[in-house]
Structure formats: structure tokens, C-alpha cells
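Working notes, structure below.
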Amino acid sequence: MFTEQAWEQRYSSRTAVWSGRPNPQLVAEATDLTPGRALDVGSGEGADAVWLARRGWRVTAVDISRTALQRAAAHAGDAGPEIADRVEWVHADVRDQPPAEAAYDLVSAQFMHLPGEERAVLFARLAAAVAAGGTLLIVGHHPWDLRTSVHRMHLPEMMYTPEELAAALDPAVWEVRAEARPRPAVDPQGRESIVHDAVLVARRRS
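Those letters in the sequence shown? Residues 5 to 210, by our numbering.
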């Protein structure tokens with residue numbers, strides 16, 4: 005389920021996998037940031053990258069799926085050349101091709117779920133990619149969601165709390181907020197529910 009082939013199959017199975025809207029925690033955290041260089045990891049069909057580009061960011065958007073990147077580039081093209089020119093679409097598996105260190109003012113990883121050791125290595129590399137004064141934003145499904153009817157992944161060991169992520173960051177280097185943020189959702193039966201996002205916001209000290 006973590007291979008390029010698996011993601012290609014998922015994207016090829018339907019015309020759109022995601023909503024086309026930017027992730028809400030990215031909007032909440034990046035709206036007031038000064039635009040600079042952003043790294044969007046697991047960029048999918050491009051909604052986050054295009055939203056950032058609209059706000060003046062220069063975005064490197066990375067995904068393992070060529071199909072997702074093609075859709076994302078089309079999405080950016082629909083937004084106009086000024087937006088499209090601000091986004092570089094990169095086909096890569098960041099587990100094998102880590103980003104440049106200290107290169108980005110914002111590094112965003114939305115709902116990237118991997119086994120524990122792989123996740124720790126990847127998130128450490130993403131943290132290393134943040135420039136001085138920059139922001140690391142990691143958002144995932146909180147383990148509390150396993151108690152809801154929304155039917156999260158059947159692999160609870162790949163879920164994490166924000167406190168777990170915060171514990172891996174040196175407080176001498178980072179100013180950290182770690183929160184479980186509630187938001188409304190609808191389960192497969194159409195019933196309203198509340199889910200929680202595990203949100204880590206970390207600013208690298210200058």
C-alpha cells in the first residue's frame with residue numbers, strides 16, 4: 005500500500021480521489037505566514053500547492069504518483085499561468101529522495117501515514133528541510149478516530165498523536181505546538197461525526 009504502483013492504482017480507479025479543497029489545518033496555519041518557499045509532501049491532486057501558490061508561495065510539490073501530479077498540474081493550469089509558474093511538480097518517493105536541508109520556509113505533510121520506524125525517519129528528514137525561522141506542519145489522523153464510525157485505517161500502528169511527533173523535536177531548536185483538533189465529518193452511513201486531526205506545528209528558531 006506504500007508503493008508507487010499502489011498509489012497509481014488508487015488514482016486510476018476514479019477521476020478524483022480528493023475534494024479539490026486545501027486541507028483545513030494548512031489553511032489555519034499558513035494563512036498568516038509570510039510567503040516564501042514551501043515544500044508540499046504527498047501533494048496528491050494539488051489543492052494545497054495551488055492554494056499556497058495563490059497566496060504568493062513558490063511551491064515544490066512532491067508525490068509518488070505520476071497520475072496525481074498530472075491532475076495537479078492541470079489544476080494549477082486552470083488557475084492561470086501566474087499560479088502554475090509558482091509550482092514545481094516533482095515525481096519522487098521522499099523515503100528514497102529526501103528534500104534538501106534547511107531549504108524551505110514551510111514544510112507541509114498532510115495525512116502521511118507510514119509504519120513507525122519509517123515514519124520517524126521521514127519526519128526527521130522533513131524537519132531537517134525547514135530553514136531557520138521556518139515552519140514544519142504535520143497533520144494526521146489521530147488514534148481517537150478509531151473509536152468513531154468514520155472507519156479510519158485498519159492499521160492503528162500507523163496513526164500517531166501530536167505529542168509523539170513533538171517528542172522527536174529538540175525544544176532548544178523548535179517552538180512547538182501539538183494539538184488534537186476536532187472537526188466535523190460524515191461517516192459512510194451519512195451520519196455526522198467528530199474526528200480529530202493530530203496537528204504538529206513547529207517553528208525552527210532563528
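Glycine included, every Cβ here is placed at the ideal spot set by N, Cα and C.
Item	Value
Beta-carbon spacing of Leu43, Pro102 below 8 Å	no
Beta-carbon spacing of Leu173, Ala135 below 8 Å	no
Residue span of the beta strand (DSSP E) that contains Gln114, given as start and end	108-114
Minimum C-alpha distance to Pro160 - residue among Arg181, His145, Ala171	His145
C-beta contact flag for His200 and Arg185 at 8 Å	yes
Helix, strand or coil at His79 according to DSSP, with G and I counted as helix	helix
Of the residues Glu33, Asp109, Ala170, Gly50, the one placed nearest Ala133, counting alpha carbons only	Asp109
Whether Ala88 touches Ala76 by CB criterion (8 Å)	no
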